[in-house]
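Encoded as structure tokens, the structure appears first; notes follow it.
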Amino acid sequence: DQQVKQNSPSLSVQEGRISILNCDYTNSMFDYFLWYKKYPAEGPTFLISISSIKDKNEDGRFTVFLNKSAKHLSLHIVPSQPGDSAVYFCAASLQTGANNLFFGTGTRLTVIP
Amino acid sequence: DSGVTQTPKHLITATGQRVTLRCSPRSGDLSVYWYQQSLDQGLQFLIQYYNGEERAKGNILERFSAQQFPDLHSELNLSSLELGDSALYFCASSPHSTNEKLFFGSGTQLSVL
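Chains as they are written, first to last, in this note's numbering: chain R, -2 to 110; chain P, 1499 to 1611.
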């Protein structure tokens, strides 16, 4: 049972435009959400996170939005750069204390120069 | 460089065999996590250790086991290997055990022939 879903396997965006990556979750007990970026032959690297008490968190070109009622979060990258081309994973963790993350299946972002 | 070291990077073995994957967490991190990523799948949580004790268990098969040693490094043992066990195995670490980002190693690519 996939509790975190990324329904778009891939996304292509022109350099300089906005990239919007989406993620849906089913478990209302999730209270911490993260985005990871993964390049080929490397492990995932942390990008940005948001606690369930917030609805927006911004870090430079990256902004994560959380809509708890819709169980939906999104990652906005503005402006998109060719170096942003990677696989992006959405992840969530529960309130129960253990920190294991539940990951989505990833979205491959390609930024076209 | 995340500071998490995984060895070996690649492992090729035959069905029925047993292998051991090793992970050294970031300096000071007490929690170690193991994830499995099969082809075109998200990262599936296997197991978490915190300061030598098992903290959380995910979809880990009975043929698989793990431990965390006093020096905090961890090993994942996979036995009676099957073709379907071929995957990328990631180790991650974090300072504590709740609501924080994980730092991932670059993974061990296991191929069972």
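Even glycine gets a Cβ: it sits at the ideal position worked out from N, Cα and C. Remember, predicted model here, so these are calculated numbers, not experimental data.
inquiry  = Between residue 1534(P) and chain R, is any beta-carbon pair separated by less than 8 Å?
reply    = no
request  = Look up residue 73(R) in the DSSP assignment and give the residues it is bridged to.
outcome  = 17(R) and 60(R)
task = Per DSSP, which residues does residue 1601(P) bridge with? Please list them.
result = 1591(P)
ask   = Does residue 101(R) come within less than 8 Å of chain P when only Cβ atoms are used?
value = yes
ask   = Whose C-beta lies closer than 7 Å to the C-beta of residue 1563(P) among residues of the same chain, with five residues either side of it excluded?
value = 1575
message = Once DSSP output is grouped into helix, strand and coil, what is the label at residue 1499(P)?
response = coil
ask   = Does any C-beta atom of chain R lie closer than 8 Å to the C-beta of residue 1526(P)?
value = no
ask   = Taking all protein chains shown into account, do 16 or more other C-beta atoms lie within 10 angstroms of the C-beta of residue 11(R), making it buried, or fewer, making it exposed?
value = exposed
message = For residue 39(R) and residue 63(R), what's the separation of their Cα atoms in angstroms?
response = 27 Å
Residues that residue 4(R) contacts on chain P, provided the C-beta gap is smaller than 8 Å = Per Cβ cutoff of 8 Å: no residues; residue 4(R) is ~12 Å from chain P at best.
message = Rounded to whole angstroms, what is the Cα-Cα separation between residue 60(R) and residue 16(R)?
response = 11 Å
request  = Just the chain R side, please: which residues come within less than 8 Å of residue 1500(P) by C-beta, in chain order?
outcome  = 40 and 42
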